[in-house]
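Asker: Residue numbers (our numbering), protein chains in the order written: chain X, 16 to 238; chain U, 70 to 325. Think of the CB as a built atom: it goes at the ideal place given N, C-alpha and C, for glycine as much as any other residue. Bear in mind that the values here come from a model prediction, so they are computed numbers and not experimental data. Here you go, one structure.
Here it is in structure tokens:
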């Protein structure tokens, strides 16, 4: 059954496209058939009639999903899907890649971008002429991505880092200590009650007493 | 007497040494902040567009604080040697004012670093990149900056190309999802600036598109600058705290 590709691609599903694995080695005996991809909304998949022809107004892409319940696109012959698949090749089908014909009514088999997130179901149908000769099962439901609005992104401050909190608290404490020390210094020592003789100014001169002449004079008087 | 003379001389020597270090750090802070202010890096239009200029304010304050620290350290050296109470008091009070300003600068730089989360840039990018109907000059700057950023750093979006898929955007309004799941600048480009493999890029085949986000390229230089201002300022202030306490002790011991 068809499935989303297992390859590691970032664009496996986008908002309007999805990527399937190619149906390699699936339709082995139908060399003359043309293989079509049928895309339908999940709820309409079981109502699809295999005898609906591609390229008719009943299966035109441009009227999907309004009047058309399932459209047919991506036609290819079996030569495009050689079996076995060479190892290392990326063999995928991108559903929804043709934007140029999305509005063009003259191209009803356009592989246009899907109009909504789905969910969709797809299957491959092999037609010889207009006679269905083989088909795969319907795939599991495929849901596309829905985009949110950027206004839903929260940009409010995500809180403060540990570094910023550390800087703020430590600096506030240091400043508080300095201011307290300044106040204490001015209150206790402002009026000169701290000035002790421990630190002396370099210019201050200690007055020493000179007694020498005085003693000499006294002795001269006695003599 | 001799012992307390030695104590005085040791204290004076320490204070002079402390002030010399403060002076040199002041010059270094000024130089660092001049470098930050005059050296815009590649993503600065994005920063300007976030209207968050805290780091500039912090850097400008840092320039003047650095010069003030240098001048005050010279005043401090003279005041300590002359043991003049008035000069020392003037020195202490002016240093406290400078301390307060540098504290503001340091905290602002640290806060700025916190506020530049990836979401801020993500929202800005989604709302303004390739905004078509805008005559706003800053929107064109945002677009040009993002294109340059994505080409030069080989990155896409803020967290990765899936940003363009998870959210609608101004870009999405003018570029269909099928043709442009993400901007062309996210593709691996050849020498002429064209995608090497356009289908591979649209599918998301690794090797043909840039899978990394650009947040690291944006926030790296900014964070380094903010870190420098915040933590160097913090270190200077811790040292200044010790010198000021020593100066206050010295002041209280001087004869009037």
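1) In the DSSP output, what is residue 32 of chain X paired with across the bridge?
2) Three or more beta-carbon pairs under 8 Å between the stretch 86-100 of chain X and the stretch 40-57 of chain X, yes or no?
3) Do we get a CB-CB distance below 7 Å when we pair residue 95 of chain U with the residues of chain X?
4) Between the Cα of residue 344 of chain U and the Cα atoms of U:106, U:114, U:302, U:78, which residue gives the shortest distance?
5) Would you say residue 66 of chain X lies against chain A (beta-carbon separation less than 7 Å)?
6) List the residues of chain U that residue 77 of chain X touches, going by C-beta distances under 7 Å, in chain order.
7) Is it the case that the stretch 31-43 of chain X contacts the stretch 122-136 of chain X, given that we only count it when at least three CB pairs across the two stretches are under 8 Å?
8) Let me make sure I understand the geometry here. Which of U:125, U:127, U:149, U:170 has the alpha-carbon closest to that of residue 138 of chain U?
9) Would you verify that the beta carbon of residue 201 of chain U is, or is not, closer than 7 Å to some beta carbon of chain X?
10) Using the C-alpha atoms, what's the distance from residue 174 of chain U back to residue 130 of chain U?
11) If you draw a straight line from the alpha carbon of residue 245 of chain U to that of residue 135 of chain X, how long is it in whole angstroms?
12) On the DSSP letters alone, give me the boundaries of the alpha helix (DSSP H) that residue 87 of chain X sits inside.
13) List the residues of chain U whose Cβ lies closer than 7 Å to the Cβ of residue 204 of chain X, in chain order.
14) At what residues does the beta strand (DSSP E) containing residue 139 of chain X begin and finish?
15) Leaving out five residues before and five after residue 144 of chain U in sequence, what residues of the same chain have Cβ atoms less than 8 Å from its Cβ?
16) Verify the CB distance criterion: does residue 250 of chain U have a CB-CB separation below 7 Å to chain X?
17) Can you look up residue 323 of chain U in the DSSP assignment and give me helix, strand or coil?
18) Which residues of chain X have a Cβ atom closer than 7 Å to the Cβ of residue 247 of chain U, listed in chain order?
19) Please look up how many angstroms separate the CB atoms of residue 257 of chain U and residue 277 of chain U, rounded, as I've assumed it's under 8 Å.
20) Rounded to the nearest angstrom, how far is the Cβ of residue 78 of chain U from that of residue 106 of chain U, given a contact under 8 Å?
21) According to DSSP, is residue 56 of chain X part of a helix, a strand, or is it coil?
22) Would you grab the beta carbon distance between residue 186 of chain X and residue 306 of chain U for me? Rounded to a whole angstrom, and I think it's under 8 Å.
23) Just the C-alpha distance for residue 72 of chain X and residue 78 of chain X, rounded to the nearest angstrom, thanks.
24) Smallest Cα separation from residue 166 of chain X: which of U:229, U:168, U:192?
25) With which residues is residue 109 of chain X paired in a DSSP beta bridge?
26) Count the other C-beta atoms from every protein chain shown that fall within 10 angstroms of the C-beta of residue 233 of chain U, then say buried if there are 16 or more, exposed otherwise.
27) For residue 125 of chain X versus residue 113 of chain X, is the C-beta distance shorter than 7 Å?
28) Just the chain X side, please: which residues come within less than 7 Å of residue 82 of chain U by C-beta, in chain order?
29) What separation, rounded to the nearest whole angstrom, lies between the Cα atoms of residue 176 of chain U and residue 178 of chain X?
30) Taking residue 168 of chain X as the reference, give the member of U:241, U:195, U:285 with the closest Cα.
31) So, does the CB of residue 177 of chain X fall closer than 7 Å to a CB anywhere in chain U?
32) Since residue 60 of chain X contacts residue 153 of chain X with CB under 8 Å, what's their CB separation in whole angstroms?
33) Compare the C-beta of residue 142 of chain U with all C-beta atoms of chain X and state if any pair is closer than 7 Å.
34) So, is residue 279 of chain U buried or exposed, given that buried needs 16 or more other C-beta atoms within 10 angstroms?
35) Which two residues bound the contiguous beta strand (DSSP E) that contains residue 149 of chain X?
Answerer: Answer, in terms of the structure:
1) Position 17 of the first chain holds residue 32 of chain X. Partner(s): none; residue 32 of chain X has no beta bridge.
2) Here the stretch 86-100 of chain X lies against the stretch 40-57 of chain X, with 3 or more beta-carbon pairs under 8 Å apart.
3) Your numbering for residue 95 of chain U matches position 26 in the second chain. By this cut-off, residue 95 of chain U is not an interface position.
4) One cannot answer for residue 344 of chain U here, as it falls past the ends of chain U, which runs 70 to 325.
5) The question asks about chain A, but that chain is absent: this structure's protein chains are X and U.
6) Indexing the first chain from 1 puts residue 77 of chain X at position 62. Neighbours of residue 77 of chain X in chain U, taken as residues at a C-beta separation under 7 Å, are lacking, since the least C-beta distance is about 15 Å.
7) yes
8) Position 69 of the second chain holds residue 138 of chain U. Among U:125, U:127, U:149, U:170, the Cα nearest to that of residue 138 of chain U is on U:170.
9) In the second chain, counting from the first residue as 1, residue 201 of chain U sits at position 132. Chain X, which has no Cβ nearer than 7 Å to the Cβ of residue 201 of chain U, makes this no.
10) Working through the second chain from its first residue, we reach residue 130 of chain U at position 61. Working through the second chain from its first residue, we reach residue 174 of chain U at position 105. C-alpha separation (whole angstroms): 6 Å.
11) Here residue 245 of chain U is taken as the residue at index 176 of the second chain, counted from 1. Here residue 135 of chain X is taken as the residue at index 120 of the first chain, counted from 1. Cα to Cα, residue 245 of chain U sits roughly 20 Å from residue 135 of chain X.
12) Walking along the first chain from the start, residue 87 of chain X turns up at place 72. Where residue 87 of chain X is concerned, there is no enclosing alpha helix (DSSP H), although the beta strand (DSSP E) it sits in stretches over 85-92.
13) By 1-based counting over the first chain, the position of residue 204 of chain X is 189. In chain order: 321.
14) Position 124 of the first chain, counted from the start, is the residue given in the question as residue 139 of chain X. That run of the beta strand (DSSP E) goes 135-143.
15) On the second chain, position 75 is the one that residue 144 of chain U refers to. 156, 159, 160, 163, listed in sequence order.
16) Here residue 250 of chain U refers to the residue found at position 181 when the second chain is read from its first residue. Chain X, which has a Cβ nearer than 7 Å to the Cβ of residue 250 of chain U, makes this yes.
17) Here residue 323 of chain U refers to the residue found at position 254 when the second chain is read from its first residue. If DSSP states are grouped into helix, strand and coil, residue 323 of chain U belongs with the strands.
18) Sequence index remark: in the second chain, residue 247 of chain U carries index 178 (1-based). Ordered by position in chain X, the residues that pass the 7 Å Cβ test against residue 247 of chain U are 31, 32, 111, 112, 114, 128.
19) Your numbering for residue 257 of chain U matches position 188 in the second chain. Your numbering for residue 277 of chain U matches position 208 in the second chain. The Cβ separation is near 5 Å, so the contact holds.
20) Here residue 78 of chain U refers to the residue found at position 9 of the second chain. Here residue 106 of chain U refers to the residue found at position 37 of the second chain. The pair is not a contact, with the Cβ atoms about 42 Å apart (cut-off 8 Å).
21) Position 41 of the first chain, counting from 1, holds the residue named residue 56 of chain X. Strand.
22) Mapped onto the first chain, residue 186 of chain X falls at position 171. Mapped onto the second chain, residue 306 of chain U falls at position 237. Right, their Cβ atoms sit about 6 Å apart.
23) As a first step, residue 72 of chain X must be located in the first chain, where it is residue number 57. As a first step, residue 78 of chain X must be located in the first chain, where it is residue number 63. Rounded to the nearest angstrom, the two C-alpha atoms are 8 Å apart.
24) If you number the first chain from 1, residue 166 of chain X lands on position 151. Comparing Cα-Cα distances from residue 166 of chain X to each of U:229, U:168, U:192, the minimum goes to U:192.
25) By one-based count along the first chain, residue 109 of chain X stands at place 94. Residue 109 of chain X is bridged to X:34.
26) To locate residue 233 of chain U, count along the second chain from 1; it is residue 164. The residue is buried, with at least 16 neighbouring Cβ atoms inside 10 Å.
27) Counted from its first residue, the first chain places residue 125 of chain X at position 110. Counted from its first residue, the first chain places residue 113 of chain X at position 98. Taking 7 Å as the Cβ cut-off, residue 125 of chain X and residue 113 of chain X qualify as a contacting pair.
28) Taking the first residue of the second chain as position 1, residue 82 of chain U is located at position 13. Residues of chain X passing the Cβ test: none, with the nearest at roughly 14 Å.
29) For the purposes of this step, residue 176 of chain U is taken as the residue at position 107 of the second chain. For the purposes of this step, residue 178 of chain X is taken as the residue at position 163 of the first chain. About 10 Å.
30) The sequence position of residue 168 of chain X within the first chain is 153, counting from 1. Of the residues U:241, U:195, U:285, the one whose Cα lies closest to the Cα of residue 168 of chain X is U:195.
31) Against the first chain, residue 177 of chain X aligns to sequence position 162. By this cut-off, residue 177 of chain X is not an interface position.
32) In the first chain, the residue the question calls residue 60 of chain X occupies position 45. In the first chain, the residue the question calls residue 153 of chain X occupies position 138. Residue 60 of chain X to residue 153 of chain X, Cβ: 5 Å. Contact.
33) Along the second chain, one-based indexing puts residue 142 of chain U at 73. Taking Cβ atoms only, chain X never reaches closer than 7 Å to residue 142 of chain U, which makes this a no.
34) As a position in the second chain, residue 279 of chain U is number 210, starting the count at 1. Around the beta carbon of residue 279 of chain U, a 10 Å sphere encloses 16 or more other beta carbons of the protein chains shown; the residue is thus reported as buried.
35) Translated into positions along the first chain, residue 149 of chain X becomes position 134. Here the beta strand (DSSP E) through residue 149 of chain X covers 146-150.
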